[in-house]
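J.:
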Amino acid sequence: MTLKIGVLTGGGDCAGLNSAVKWVTKTATDPLLTDHRGEAMEVIGIREGWKGLVEVDPEDPASLARWTMPLDELVVRTWDRQGGTVLGSSRTNPFNPRNDQSEKCIANIEGLGLHALVAIGGEDTLSVAAGLHRLGQRVVGIPKTIDRDLNGTDYTLGYDSALNVITEEVDRLRTTAGSHSRLFVVEVMGRHAGWLALEGGEASGAHVILIPEHDFEVAKVAELLERRRRAGVRYDIVVVSEGARVKGQGEFVLSDKEDGFGHKVLGGIGEYLAKELEKQTSYETRHVVLSHVQRGGQPSARDRLMGRHYGIAAVDLILEEDFGRMVALRNGQITSISLKQAIEKLYVVDVDQYYDTIRYNGRRSSMLPWSARGE
Ligand code: F6P
4 MTLKIGVLTG GGDCAGLNSA VKWVTKTATD PLLTDHRGEA MEVIGIREGW KGLVEVDPED
64 PASLARWTMP LDELVVRTWD RQGGTVLGSS RTNPFNPRND QSEKCIANIE GLGLHALVAI
124 GGEDTLSVAA GLHRLGQRVV GIPKTIDRDL NGTDYTLGYD SALNVITEEV DRLRTTAGSH
184 SRLFVVEVMG RHAGWLALEG GEASGAHVIL IPEHDFEVAK VAELLERRRR AGVRYDIVVV
244 SEGARVKGQG EFVLSDKEDG FGHKVLGGIG EYLAKELEKQ TSYETRHVVL SHVQRGGQPS
304 ARDRLMGRHY GIAAVDLILE EDFGRMVALR NGQITSISLK QAIEKLYVVD VDQYYDTIRY
364 NGRRSSMLPW SARGE
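The sequence shown: position 9 = 12 (my numbering), numbered continuously.
1. Starting from V59, trace the alpha helix (DSSP H) in both directions and tell me its first and last residue.
2. Does M4 pass the burial test, meaning 16 or more other C-beta atoms within 10 Å, or should it be called exposed?
3. Can you determine whether any heavy atom of the ligand F6P sits closer than 7 Å to the C-beta of L269, and answer yes or no?
4. Within a Cβ cutoff of 6 Å, which residues of the same chain sit near Y162, ignoring the five residues on either side of it in sequence?
5. Could you tell me if D306 is buried or exposed, where buried requires 16 or more neighbouring beta carbons within 10 angstroms of its beta carbon?
6. Have a look at Y350 and E58 and give me their C-alpha separation to the nearest angstrom.
7. For the stretch 73 to 91 against the stretch 16 to 31, do three or more pairs of beta-carbon atoms, one drawn from each stretch, fall closer than 8 Å, so that the two count as touching?
8. Using a Cβ-based criterion (distance less than 7 Å to any ligand heavy atom), does G299 qualify as near the ligand F6P?
9. Can you tell me whether V79 is helix, strand or coil according to DSSP?
10. Nearest-angstrom Cα distance between G235 and A180?
11. Would you say the beta carbon of G193 comes nearer than 7 Å to a heavy atom of the ligand F6P?
12. Which runs of the alpha helix (DSSP H) at least 4 residues long sit entirely within the stretch 125 to 203? Give them in chain order.
13. Just checking E245 against the ligand F6P - is the residue's beta carbon closer than 7 Å to any of the ligand's heavy atoms?
14. Grab me the residues of S66's own chain with a C-beta within less than 6 Å of its C-beta, minus the 5 sequence neighbours each way, in chain order.
15. With 16 other CB atoms within 10 Å as the buried threshold, where does E347 fall?
16. Please report the straight-line C-alpha distance between C108 and D359, rounded to a whole angstrom.
17. Could you give the first and the last residue of the continuous alpha helix (DSSP H) run that contains E279?
18. In the DSSP output, which residue or residues are listed as bridge partners for A234?
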């Protein structure tokens, strides 16, 4: 008997997704492994995440062609080098309380004859995977999000590529900032977690880094920048997370319209901060919103590799019949945790451990006792 495996990518796209789909496919259909396991597998890509699984009509060939894609070694051969997701993605939530389509989803999993499903996604996509598993479906997850805010794993696909984009873009801004003695505020993604801002800011040498985990004061940012200028520096880079908040104020929201998971589109803090800092410091200021540029482009070596390792591990879980789990990286080892654990809370920056609330930047010491840290 041939086991049919479905694979889908959900939520915001990122680099590394195609590598994971490629390695799910290659591992599942590898002829040598098939002989060894005594179990043949075929892989079907579901287009546009959970939307594809809700919309597809397994009885209708035209619908099958629209919403599914048979995958084999030849089809996916070059995918690992490509950014985004060839399968497409959506923010459809089959468990949306305003329009619950979970039963349809389950009927379609059965109609497509899927033995198991691999869901590649972040907290939202994997919360659906967990819900389907609770309802008896054979689902495994692969973690991806440039925000790197999933619990229980040291790595989420897309993070490293996004970090590299931030570093490269800040390098570019640095030369023009220097030429004009300007202050640049760079807004980066990170809805609830400041990892991208913190590590992107650290890697690119930003002078001030602002994260959602620590509300900040504009006057304090201005003072830090003025201190730098007094020390003879001619320009400044501030990296701010889209989810960061000014003390006493709420999030900056671009649109109140919510997606199927109840998220609003964040944005605007970069522009606000640039205007305020120009007023308070009188330095000529510009702002740049890196936005979806961070999710684009070719995957870094790390994302290709992690897509490979995660894709292989997901097939291992299916063969082991270890469903309801997400593959993960912990202490340098590929392992798995329950989907329940992966979505029970977000992995955000531990301010005490990683953030300097005086300098509004990364910490300057890692191993010294607190008293010797000069904070
Ligand atoms: O969750 C990942 C993320 O990239 C967030 O950092 C950002 O707020 C959001 O997606 C943007 O989503 P969309 O693609 O729907 O604009």
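Even glycine gets a Cβ: it sits at the ideal position worked out from N, Cα and C.
T.: In short:
1. First-last for V59: undefined, no H or E at that position.
2. exposed
3. yes
4. I149, R151
5. buried
6. 32 Å
7. yes
8. no
9. coil
10. 15 Å
11. yes
12. 126 to 137, 162 to 183
13. yes
14. V59, D60
15. exposed
16. 46 Å
17. 272 to 284
18. Answer by DSSP bridge pairing: none, since A234 is not bridged.
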